[in-house]
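What follows is a single structure, written as structure tokens, with notes after it.
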Amino acid sequence: MYNTTSPLTTSSTTHPRSLPQQCRHHKHHRPPPPHQKTNNPTPPNQPTPKPQPSPPASAPSSPSPPPPHPLRPRPPAHLPPQPPPPALPLPLPLPTLHIFTSPSSPTAPSPNPTCLKHQTALRLASLPHTTTNSTNHASPTGALPFLLPPTSSPLLPAALLPVGAGQILSYATKAGHPLPARPAHPKAKVYASLIDDAIRPAWLHAVYLTPANAHLPTRLYLAPATSSWLVQTYQGISLRRAASEQLKIAAPGGVVDVDDVYASAAAAFEALAGALEGEEWVLGGEGGQVTMLDAEVFAYTHLVLEEGMGWGDGRLGREVRRWGALVEHRERVLKTCWGVNRG
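Residues in the sequence shown are numbered from 223 upward in steps of one, following the numbering used here.
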């Protein structure tokens, strides 16, 4: 039996008999074997708890290592720039035809028959080109038209490259756009003579020497080039003098008979209308292809029929309207070259 004391009282000495037996012989004390029952036995139905490992002894205090370097975010990775799309090829420069024309509509048919002839010829030949308003003083040959081929070299002066009116068809042929010139056929020579020797003199008289049409040279050729009244007056006098001299050269004996001039033109229009009767082109019955003769005929028939010219005396236009074949030919060329259908 063990002696018990109150938990509220303490004693400094204890009787030896009150100690357990093993305490007396503490030198020979041995821990009880694992199978021996203790004061707090484990229930038989539960496994014996495993001894918990003791926490490791704390290491002696030492300076703590510096915290790890914070992560630095990298800048966002950008994809390599996409290559730019292939540039479209620049359009090739085109030859430029210098003619009398309106600055506001340089591609319209020229009001000058010589310029209009070559302008129409290039369009009939399907040669890509541009047109620009110019004057005789700007031409290296002293007269319009002239063709300025394109040049890509800044070291080659453009002034060394002009193509005169007589070489424009040859230039078109070398560029791969041929248009037959006046063929060597006997009828072609006759038709060409009618245009040069009969129709052109009547045109010169109607435009430069007919009082009712005195405003035409200034309006068509001089005003687009200069606004100076003095220059226009001087150049107008020069043009009339040149037209009168050409008429005297063409007239028998150098004497100009106005009635004969217009009668010859009327006969020439009649002959050309006969050549075009039932045909599309002037030499339709002699091969059927368009030639430079068609451009020459159109150059006069279009201008004398054009209401926008402002004719005061339109006797030449009345002569052309008498012949349906000439009117149809003019409409055909207009549609082919300018896409204009006035039929």
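All C-beta atoms, glycine included, are put in the ideal place defined by N, C-alpha and C.
Tell me which same chain residues have a C-beta within less than 6 Å of the C-beta of residue i, skipping the five on either side of it?
{"i": "Trp451", "result": "none"}
{"i": "Leu338", "result": "Pro331, Ser332, Ala521"}
{"i": "Leu556", "result": "Val562"}
{"i": "His351", "result": "Leu316, Pro317, Leu319, Leu344"}
What's the call for residue i, buried or exposed, on a 16-neighbour Cβ count within 10 Å?
{"i": "Thr513", "result": "buried"}
{"i": "Leu314", "result": "exposed"}
{"i": "Ala394", "result": "buried"}
{"i": "Arg540", "result": "exposed"}
{"i": "Val480", "result": "exposed"}
{"i": "His359", "result": "exposed"}
{"i": "Ala487", "result": "buried"}
{"i": "Ile459", "result": "exposed"}
{"i": "Leu293", "result": "exposed"}
{"i": "Leu349", "result": "buried"}
{"i": "His437", "result": "exposed"}
{"i": "Leu301", "result": "exposed"}
{"i": "Ile390", "result": "buried"}
{"i": "Ala299", "result": "exposed"}
{"i": "Arg571", "result": "Nothing about residue 571 can be read from this structure; the chain reaches only from 223 to 565."}
{"i": "Ile417", "result": "buried"}
{"i": "His247", "result": "Because the pLDDT of His247 is 47, which lies under 50, any placement of that residue in the model is unreliable, and the question is left without a value."}
{"i": "Ser453", "result": "Before going on, a small fix: residue 453 reads as Val here, not Ser. Val453 should be labelled exposed."}
{"i": "Ala406", "result": "exposed"}
{"i": "Ala365", "result": "exposed"}
{"i": "Ala428", "result": "buried"}
{"i": "Ala465", "result": "buried"}
{"i": "Lys249", "result": "Residue placement at Lys249 is flagged as unreliable, the pLDDT there being 48, under the threshold of 50; the coordinate-derived value follows with that caveat. Classification for Lys249: exposed."}
Just verifying my parser: in three-state terms, what is the DSSP assignment at residue i?
{"i": "Ser356", "result": "coil"}
{"i": "Gly398", "result": "coil"}
{"i": "Val385", "result": "strand"}
{"i": "Thr318", "result": "strand"}
{"i": "Leu293", "result": "coil"}
{"i": "Leu444", "result": "helix"}
{"i": "Leu369", "result": "strand"}
{"i": "Ser326", "result": "coil"}
{"i": "Arg462", "result": "helix"}
{"i": "Ala420", "result": "helix"}
{"i": "Trp560", "result": "helix"}
{"i": "Gly496", "result": "helix"}
{"i": "Val504", "result": "coil"}
{"i": "His300", "result": "coil"}
{"i": "His427", "result": "helix"}
{"i": "Leu349", "result": "coil"}
{"i": "Glu528", "result": "coil"}
{"i": "Asp535", "result": "coil"}
{"i": "Val512", "result": "coil"}
{"i": "Gly215", "result": "What is shown of the chain runs 223 to 565, which leaves residue 215 out entirely."}
{"i": "Ser332", "result": "coil"}
{"i": "Val478", "result": "coil"}
With distance defined between alpha-carbon atoms, name the residue in the options nearest to residue i.
{"i": "Ala445", "options": "Leu391, Phe322, Leu301, Pro303", "result": "Phe322"}
{"i": "Asp419", "options": "Glu529, Leu525, Glu518", "result": "Glu518"}
{"i": "Thr523", "options": "His399, Pro439, Glu492", "result": "Glu492"}
{"i": "Ser326", "options": "Pro371, Val429, Thr455, Leu442", "result": "Leu442"}
{"i": "Ile421", "options": "Ala473, Lys396, Thr440, Ala403", "result": "Ala473"}
{"i": "Arg554", "options": "Gln454, Ile390, His320, Trp503", "result": "Trp503"}
{"i": "Pro384", "options": "Pro439, Leu548, Leu319", "result": "Leu319"}
{"i": "Leu498", "options": "Leu461, Gly534, Trp545", "result": "Trp545"}
{"i": "Thr357", "options": "Gly530, His351, Ser348, Pro367", "result": "Pro367"}
{"i": "Val477", "options": "Ala434, Glu501, Pro423, Thr448", "result": "Pro423"}
{"i": "Arg537", "options": "Leu461, Ala309, Lys396, Val483", "result": "Val483"}
{"i": "Pro433", "options": "Gly534, Val549, Pro303, Glu550", "result": "Gly534"}
{"i": "Ser334", "options": "Lys409, Pro439, Ile417, His351", "result": "Correcting the residue type first, residue 334 is Asn in the shown sequence and not Ser. Comparing Cα-Cα distances from Asn334 to each of Lys409, Pro439, Ile417, His351, the minimum goes to Pro439."}
{"i": "Gly506", "options": "Pro297, Ala410, Arg543, Val542", "result": "Ala410"}
{"i": "Gly530", "options": "Lys470, Ser324, Gln304", "result": "Ser324"}
{"i": "Ala485", "options": "Gly475, Thr448, Ala309, Val542", "result": "Val542"}
{"i": "Val388", "options": "Gly398, Thr336, Pro408", "result": "The sequence given here places Gly at residue 388; Val does not occur at that position. For Gly388, the nearest C-alpha among the options comes from Thr336."}
{"i": "Ser415", "options": "Ser449, Leu525, Ala489, Lys396", "result": "Ala489"}
Throw me the rounded Cβ distance for the residue i and residue j pair, which I believe falls under 8 Å.
{"i": "Gln341", "j": "Thr354", "result": "The pair is not a contact, with the Cβ atoms about 11 Å apart (cut-off 8 Å)."}
{"i": "Leu426", "j": "Gln468", "result": "6 Å"}
{"i": "Tyr430", "j": "Leu494", "result": "The pair is not a contact, with the Cβ atoms about 23 Å apart (cut-off 8 Å)."}
{"i": "Pro372", "j": "Leu316", "result": "6 Å"}
{"i": "Leu515", "j": "Arg404", "result": "6 Å"}
{"i": "Gln511", "j": "Pro400", "result": "So it is not a contact: roughly 11 Å between Cβ atoms."}
By Cβ distance, which residues of its chain are closer than 7 Å to residue i, with the 5 residues on each side in sequence left out?
{"i": "Cys559", "result": "Thr342, Arg345, Leu346"}
{"i": "His328", "result": "A small fix is needed here, since residue 328 is Pro in this sequence, not His. The answer, listed in chain order, is Thr353, Thr354, Asn355."}
{"i": "Ala547", "result": "Ala495, Leu498, Glu499"}
{"i": "Leu461", "result": "Tyr430, Pro439"}
{"i": "Gly386", "result": "Thr363, Phe368"}
{"i": "Leu370", "result": "Pro317, Thr318, His320, Ala380, Leu383, Pro384"}
Examine the ligand PLP and report whether any of its heavy atoms sits within less than 6 Å of the Cβ of residue i.
{"i": "Phe520", "result": "Looking at this structure, you won't find the ligand PLP or any other ligand, since it has none at all."}
Quick one: is residue i near chain C, going by C-beta distance under 7 Å?
{"i": "Lys409", "result": "Absence of chain C from the displayed structure is noted, only one protein chain being present."}
Going by beta carbon distance, what residues of the same chain come within less than 8 Å of residue i, once the five residues before and after it are set aside?
{"i": "Asn435", "result": "Ala428, Val429, Trp533, Gly534, Asp535"}
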